[in-house]
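> Here the protein sequences come in this chain order: A and B.
Plus 1 on top of the position in the first sequence (first one is 1) and you've got my numbering.
Plus 173 on top of the position in the second sequence (first one is 1) and you've got my numbering.
Yeah, the Cβ is synthetic: ideal placement off N, Cα and C, and Gly gets one too.
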Amino acid sequence: MNLLDFFSSHRAEILQATLAHLFLVVVSMAIAIAIGVPLGMILVKRARLRAMALGFASVLQTIPSLALFGFLIPLPFLGGIGTRTAIVALVLYALLPILRNTVVGLTNLDPAVLEAAEAMGMTETQILMRVRFPLGLSVVLAGVRTATVITIGVATIAAAIGAGGLGTFIFRGVAMVSDAVILAGAIPAALLALGADAALGLLERKLKVV
Amino acid sequence: MNAKAEDHSEITLGFQGVKYCAPNHTATPILSDITLQIRRGETVALLGRSGSGKTTLLKLVNRLLKPSAGEIFVNGQPTDLMDPIRLRRGIGYVIQEGGLFPHYTVAENIGLVPGLEGWGRDRIDARIAEMMKLVGLELGEYGGRKPRELSGGQRQRVGVARALAADPKILLMDEPFGALDPVTRAELQNEFADLAQRLGKTILFVTHDLREAMRVGSRIVLLAAGKIVADARREEFLRVEHPEVRAFAASFAMPNEARA
Numbered sequence: 002m003n004l005l006d007f008f009s010s011h012r013a014e015i016l017q018a019t020l021a022h023l024f025l026v027v028v029s030m031a032i033a034i035a036i037g038v039p040l041g042m043i044l045v046k047r048a049r050l051r052a053m054a055l056g057f058a059s060v061l062q063t064i065p066s067l068a069l070f071g072f073l074i075p076l077p078f079l080g081g082i083g084t085r086t087a088i089v090a091l092v093l094y095a096l097l098p099i100l101r102n103t104v105v106g107l108t109n110l111d112p113a114v115l116e117a118a119e120a121m122g123m124t125e126t127q128i129l130m131r132v133r134f135p136l137g138l139s140v141v142l143a144g145v146r147t148a149t150v151i152t153i154g155v156a157t158i159a160a161a162i163g164a165g166g167l168g169t170f171i172f173r174g175v176a177m178v179s180d181a182v183i184l185a186g187a188i189p190a191a192l193l194a195l196g197a198d199a200a201l202g203l204l205e206r207k208l209k210v211v
Numbered sequence: 174m175n176a177k178a179e180d181h182s183e184i185t186l187g188f189q190g191v192k193y194c195a196p197n198h199t200a201t202p203i204l205s206d207i208t209l210q211i212r213r214g215e216t217v218a219l220l221g222r223s224g225s226g227k228t229t230l231l232k233l234v235n236r237l238l239k240p241s242a243g244e245i246f247v248n249g250q251p252t253d254l255m256d257p258i259r260l261r262r263g264i265g266y267v268i269q270e271g272g273l274f275p276h277y278t279v280a281e282n283i284g285l286v287p288g289l290e291g292w293g294r295d296r297i298d299a300r301i302a303e304m305m306k307l308v309g310l311e312l313g314e315y316g317g318r319k320p321r322e323l324s325g326g327q328r329q330r331v332g333v334a335r336a337l338a339a340d341p342k343i344l345l346m347d348e349p350f351g352a353l354d355p356v357t358r359a360e361l362q363n364e365f366a367d368l369a370q371r372l373g374k375t376i377l378f379v380t381h382d383l384r385e386a387m388r389v390g391s392r393i394v395l396l397a398a399g400k401i402v403a404d405a406r407r408e409e410f411l412r413v414e415h416p417e418v419r420a421f422a423a424s425f426a427m428p429n430e431a432r433a
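1) I need the DSSP call for residue 174 of chain A, collapsed to helix, strand or coil.
2) Which of the residues in the segment 222-240 of chain B, read from start to end, lie with their CB under 7 Å from any CB of chain A?
3) Tell me the residue span of the alpha helix (DSSP H) that contains residue 411 of chain B.
4) Within this structure, are the beta carbons of residue 98 of chain A and residue 147 of chain A separated by less than 7 Å?
5) Would residue 136 of chain A count as contacting chain B if we go by Cβ distances under 7 Å?
6) By Cβ distance, which residues of its chain are closer than 6 Å to residue 132 of chain A, with the 5 residues on each side in sequence left out?
7) May I ask you to report which of helix, strand or coil DSSP gives residue 432 of chain B?
8) Determine which residues of the segment 336-367 of chain B have a Cβ less than 7 Å from any Cβ of chain A, and write them out in chain order.
9) Distance, Cα to Cα, residue 83 of chain A vs residue 145 of chain A?
10) Buried or exposed: which applies to residue 52 of chain A, given that a residue is buried once 16 or more other Cβ atoms fall within 10 Å of its Cβ?
11) Are the beta-carbon atoms belonging to residue 204 of chain B and residue 193 of chain B less than 7 Å from one another?
12) For residue 274 of chain B, go through chain A and note every residue whose CB falls closer than 7 Å to its CB, in chain order.
13) Within 7 Å (strictly less), CB to CB, does residue 126 of chain A reach chain B?
14) Excluding five sequence neighbours on each side, which residues of the same chain lie with their C-beta closer than 6 Å to the C-beta of residue 396 of chain B?
15) Which residue wins for smallest C-alpha separation from residue 206 of chain A, given the options A:172, A:159, A:137, A:157?
16) Using three-state DSSP, classify residue 200 of chain B as helix, strand or coil.
17) Please return the same chain residues whose Cβ sits closer than 6 Å to the Cβ of residue 240 of chain B, not counting the five positions on each side in sequence.
18) Using the DSSP secondary-structure output, state which residues sit across from residue 221 of chain B in a beta bridge.
19) Leaving aside the five residues before and after residue 70 of chain A along the sequence, list all residues of the same chain whose C-beta is less than 8 Å from its C-beta, in chain order.
20) Among A:195, A:170, A:19, which one has its Cα closest to the Cα of residue 184 of chain A?
21) What is the C-beta distance between residue 284 of chain B and residue 268 of chain B, in whole angstroms, given that I count them as a contact (C-beta under 8 Å)?
22) Return the residues of the segment 245-261 of chain B that lie within a Cβ-Cβ distance of less than 9 Å from chain A, sorted by chain order.
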C-alpha cells in the first residue's frame with residue numbers, strides 16, 4: 002500500500018492517535034515535573050539522600066521499556082491494562098532526566114553568588130526560591146526537554162498494553178509487514194519529538210541567565 | 174554628614190581567644206589565638222599572604238564559619254547566641270566581583286536586603302537612589318542594567334551600594350577591589366577611603382596588598398600562618414619590628430629602590 006494513500010485514507014484515525022499520544026505524553030510529563038522538580042529542590046541540601054534518589058532513578062532508566070510495562074500490569078492500583086499503567090511507566094522514565102537536571106541546575110552555581118546570598122542574611126528557602134531556582138531554571142528545563150523527547154518515543158510502546166497512541170500503527174504495521182502503516186505511526190511521533198524539542202529549546206534559551 | 178564619630182570606649186567587634194580548624198583538619202588550625210578588639214568607626218585592614226587565614230577571620234564575624242574555640246562579639250553580644258540571619262542582616266558584605274545576582278538588575282540587587290527587611294516600596298526606591306548616588310552611579314542610566322552590562326569597577330560600586338543599603342553598622346570586605354585593573358583599583362580605593370571616613374561604619378577589610386591596606390585602613394592587622402603578628406595604626410605600622418612586616422615593606426619598597 003502506498004504511504005500517501007494510507008495517510009489520506011486514514012487521516013482521522015491518525016489524527017486521533019496523535020492526540021491520544023499527545024495526551025499520554027502531556028499527562029506523564031506534568032506528573033513527572035510535579036514530582037521531579039520539587040524532589041530535586043528538596044535534595045539540594047541533602048547530599049546522601051540525593052545520591053540515593055539519583056541512583057534509584059538511574060536504575061529505573063535501565064529497565065527495558067517493554068519489560069517495565071509488563072512488570073506493571075499485575076500491580077494493584079498502578080497496573081492493569083490501559084492508559085493508567087502506561088502513564089505510570091512513562092513518569093518513571095521521565096523522572097531521571099528531570100531530577101538530575103534539577104539537582105545539577107540548582108547546585109552547580111557560582112559559589113560567590115551563593116556566598117553573597119547567605120552573607121546578606123537570606124534564609125535557605127529564600128536562597129532556593131530567589132537565587133538557585135531562577136539561576137538554574139534553564140538547566141531544569143533542559144532536563145524537561147530531554148525527558149519529553151524520551152517520553153514521546155517510549156509512549157509508542159504503550160500501545161502494547163492497550164494505551165493507544167501512535168504505537169498502535171507501528172504494532173499493526175509490524176504485524177501486517179507494511180512499511181506504510183508503520184510510518185503512519187512513526188512519522189507523526191518523530192514530528193512530535195522534533196517539535197517539542199525545538200519549542201522547549203527556544204524556551205530554555207529565553208530563560209537562560211548569562 | 175558630620176565628621177566620623179569615634180567613641181574609643183565602644184567595642185563593636187571583638188575576638189576572644191578564637192581558633193578555627195577546617196573540618197577534618199583539626200591538627201593544623203587555620204586560625205589560632207586570635208584576640209582582637211575593633212572600636213566603632215574604625216577601618217581595619219586585615220593584611221596577610223594567601224593562606225594566612227584573613228578571609229576565614231572575616232567569615233567568622235557573620236557566622237559563615239563557626240569558630241572551633243573562643244568567642245566572637247558583635248556589639249557586645251556573643252554571636253553564637255544570636256540568630257545568624259538577624260546577625261547577617263546587620264552586617265554588610267562585599268566580595269571580589271561583588272557577588273552580584275546576575276538575574277537581578279542593579280536596582281534590584283541594591284534593594285534586596287531592605288526588601289528582606291520588609292521596607293515599603295517607596296522607602297526602598299528612595300534608598301536605592303541614595304545608595305547609587307553615594308557610589309557615583311547614575312540611577313537613570315544604570316539602575317535597570319544587569320550586572321553583566323557593567324564594567325568591573327561599576328560592579329564593585331554596586332557591590333558596595335548593596336552592602337550599605339540596609340544601613341548596617343559593620344561592613345566586611347574581602348579583597349573587594351582585587352579583580353580590577355590598577356588604575357580603577359586606585360580610584361576606588363581612594364573613593365572608598367573617603368566614603369569610610371564620612372559614613373562612620375566599622376569596617377573590616379581583607380587585602381594582601383600593603384599599598385591598599387595603607388590607603389584604606391586607619392589600622393592594620395597583619396596575619397601570618399593563622400596568628401596576628403602585628404597590629405598598629407597606619408602611621409606606625411611600618412615601624413613594627415617583625416620579619417613579616419619587613420617582608421611586606423620590602424615588597425612595597427622594591428620598585429623605588431630598583432629605580433634609584
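Reading off the structure:
1) Translated into positions along the first sequence, residue 174 of chain A becomes position 173. In this structure, residue 174 of chain A counts as helix in the three-state DSSP scheme.
2) Residues 235, 237.
3) Start at 1 with the first residue of the second sequence, and residue 411 of chain B comes out as number 238. It is not in any alpha helix (DSSP H) - residue 411 of chain B carries neither H nor E in the DSSP assignment.
4) Within the first sequence, the letter at position 97 stands for residue 98 of chain A. Within the first sequence, the letter at position 146 stands for residue 147 of chain A. Judged by beta-carbon spacing, residue 147 of chain A lies within the 7 Å limit of residue 98 of chain A, meaning their Cβ atoms are closer than that value.
5) For the purposes of this step, residue 136 of chain A is taken as the residue at position 135 of the first sequence. Interface residue, yes.
6) Walking along the first sequence from the start, residue 132 of chain A turns up at place 131. Counting only Cβ-Cβ distances below 6 Å, and skipping sequence neighbours, we find 118.
7) Position 259 of the second sequence, counting from 1, holds the residue named residue 432 of chain B. Residue confidence for residue 432 of chain B is low, a pLDDT of 47 falling below 50, so the modelled location carries little weight; the figure read from the coordinates is stated next. Residue 432 of chain B falls in the helix class under three-state DSSP.
8) When C-beta distances to chain A are compared with 7 Å, every residue of the segment 336-367 of chain B stays at or above that value.
9) By 1-based counting over the first sequence, the position of residue 83 of chain A is 82. By 1-based counting over the first sequence, the position of residue 145 of chain A is 144. Per the coordinates, the alpha-carbon of residue 83 of chain A lies some 25 Å from the alpha-carbon of residue 145 of chain A.
10) To locate residue 52 of chain A, count along the first sequence from 1; it is residue 51. Taking all protein chains shown into account, residue 52 of chain A has fewer than 16 neighbouring C-beta atoms within 10 Å of its C-beta and is therefore exposed.
11) The residue labelled residue 204 of chain B in the question sits at position 31 within the second sequence. The residue labelled residue 193 of chain B in the question sits at position 20 within the second sequence. Less than 7 Å separates the beta-carbon of residue 204 of chain B from that of residue 193 of chain B.
12) Here residue 274 of chain B is taken as the residue at index 101 of the second sequence, counted from 1. In chain order: 114, 132.
13) In the first sequence, the residue the question calls residue 126 of chain A occupies position 125. Using a CB distance cut-off of 7 Å, residue 126 of chain A does not count as an interface residue toward chain B.
14) Numbered from 1 along the second sequence, position 223 holds the residue referred to as residue 396 of chain B. Spatial neighbours of residue 396 of chain B in its own chain (CB-CB distance under 6 Å, excluding positions within 5 residues in sequence) are listed in chain order as 221, 225, 226, 227.
15) Against the first sequence, residue 206 of chain A aligns to sequence position 205. For residue 206 of chain A, the closest C-alpha among the options A:172, A:159, A:137, A:157 is that of A:137.
16) By one-based count along the second sequence, residue 200 of chain B stands at place 27. The answer is coil: DSSP assigns residue 200 of chain B none of H, G, I, E or B.
17) One-based indexing of the second sequence puts residue 240 of chain B at position 67. Residues 191, 193, 233 of the same chain have their beta carbon placed closer than 6 Å to that of residue 240 of chain B, with the five preceding and five following residues left out of the count.
18) Here residue 221 of chain B refers to the residue found at position 48 when the second sequence is read from its first residue. Checking the DSSP bridge columns, you'll see residue 221 of chain B partnered with B:396.
19) Residue 70 of chain A sits at position 69 when you count from the first residue of the first sequence. Close CB contacts of residue 70 of chain A within its chain, under the 8 Å cut and outside five residues either way in sequence, are with 86, 87, 90, 158, 159, 161, 162 (chain order).
20) The sequence position of residue 184 of chain A within the first sequence is 183, counting from 1. Comparing Cα positions, the closest option is A:170.
21) Stepping through the second sequence from its first residue, residue 284 of chain B is reached at position 111. Stepping through the second sequence from its first residue, residue 268 of chain B is reached at position 95. With a beta-carbon spacing of about 19 Å, residue 284 of chain B and residue 268 of chain B fall beyond the 8 Å limit used to define contacts.
22) Residues 257, 258, 259, 260, 261.
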